[in-house]
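J.:
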Amino acid sequence: MNIVLLGEDIFTAAVLRCLVTDNQKISAVICPFYMGNREYKSLQKAAEENHIPFLRVNDVNAEELRKQLLDLAPDLIITVHLRRILHQSIYSIAAKAAINVHPSLLPKYRGLSPQHQALLNGDQLTGVTIHFIEEKPDTGDIILQEEIPLNGDTSIYELQIQMISVYKHLVSQAVKQIEVNDFIMIEQDEKRASWYGRLNRSDREINFKKSRSEIHNLIRAVSKPYKGAFYNGVTVWTSSFPDRPMEKELMDKYPEAGIYFAEDQIIMRLKDGVLLSQDFEKCEM
């Protein structure tokens, strides 16, 4: 099939390389240009290595791009981690379909921070969804889903490594099914839908009114490659639970909520217990 791919990061690059391996024809890779996007270079490199036109655009819905897409005449438009909403005038150009790769088990966690939300909420299960693109983001009928189990210590980095692996084979499978019209569409259940925007700096601040489980989940959800959880000039990258005898001793020693320095680690005293971390650094306020 003739495919146009839109995205902006290493996830899009992984999908691109998979499509190339499958001998799919990629007419162009389109990446939006905006301040703060530093991840596009991996995608650009993947396109250039495979001699695929790489287009950076200010507006993914501009008339100029629409005309270019009409000339390319794609059978399939695929979006991967595209933080821009495509208008119907753009995605409807695809002769067969326009699909999106979303890092959650839709309709749960629509929006811009689905990977983080699964960890923040302590979920035991998340996954990847491939769905048709509609005017409202992340609402189209589902083509494929694959679950990813989580444990209480899975970090955002570990989750994303797993997701990249799923992206590659799941997109490959979806493209092949669409090519021969062999798929079953599953309508999303609006009663189960949830939506979240992007995380702000304030979302990363450690709130000592919350439980230690909530703070542990926050730390692993915003750790590297993101900016980390922070409090009072300290950025915390990982956390662990002490055993019960040590926790009781530390709670007695540090009765007030807060962060305490002890040798090569910090102690976070929460309302219902203690977290420890040896992976932290002082940061600018």
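Residue 2 is where the sequence shown starts when you use this note's numbering, and the numbers rise one by one after that. Don't be surprised by glycine CBs; every beta carbon is placed ideally from N, CA and C.
#1: Mind reading off the beta-carbon distance from E188 to D142? Whole number of angstroms is fine, and I expect it under 8 Å.
#2: If you drop the 5 nearest sequence neighbours on each side, which residues of the same chain put their C-beta closer than 6 Å to that of P261?
#3: Checking the sheet assignment: what are the DSSP bridge partners for H117?
#4: Between the C-alpha atoms of K97 and P75, what's the straight-line distance to the nearest angstrom?
#5: Whose CA, out of D204, S43 and K228, lies closest to the CA of V30?
#6: So who's on the other strand from Y255, going by DSSP bridges?
#7: Note down the Cα distance separating R199 from P226, rounded to an integer number of angstroms.
#8: Note down, one range per segment and in chain order, each alpha helix (DSSP H) of at least 4 residues found wholly within the stretch 82-169.
#9: To the nearest angstrom, how far is it from the Cα of H132 to the Cα of D244?
#10: Could you have a look at M247 and say whether DSSP puts it in helix, strand or coil?
#11: Whole angstroms are fine: how far does the CA of L7 sit from the CA of V58?
#12: Mind reading off the beta-carbon distance from V5 to L71? Whole number of angstroms is fine, and I expect it under 8 Å.
#13: Cα-Cα, which of V275, L87 and M164 is closest to P115?
T.: According to the structure data:
#1: 6 Å
#2: Rather than Pro, the amino acid found at residue 261 in this sequence is Tyr. Cβ neighbours of Y261 beyond the five flanking positions: Y255 and I268.
#3: In the DSSP output, where bridge partners are listed per residue, H117 has none listed.
#4: 8 Å
#5: S43
#6: Looking at the DSSP assignment, Y255 forms no beta bridge with any residue, so it has no partner.
#7: 15 Å
#8: 89-92 and 115-121
#9: 44 Å
#10: helix
#11: 11 Å
#12: Wrong, their Cβ atoms sit about 11 Å apart, outside the cutoff.
#13: M164
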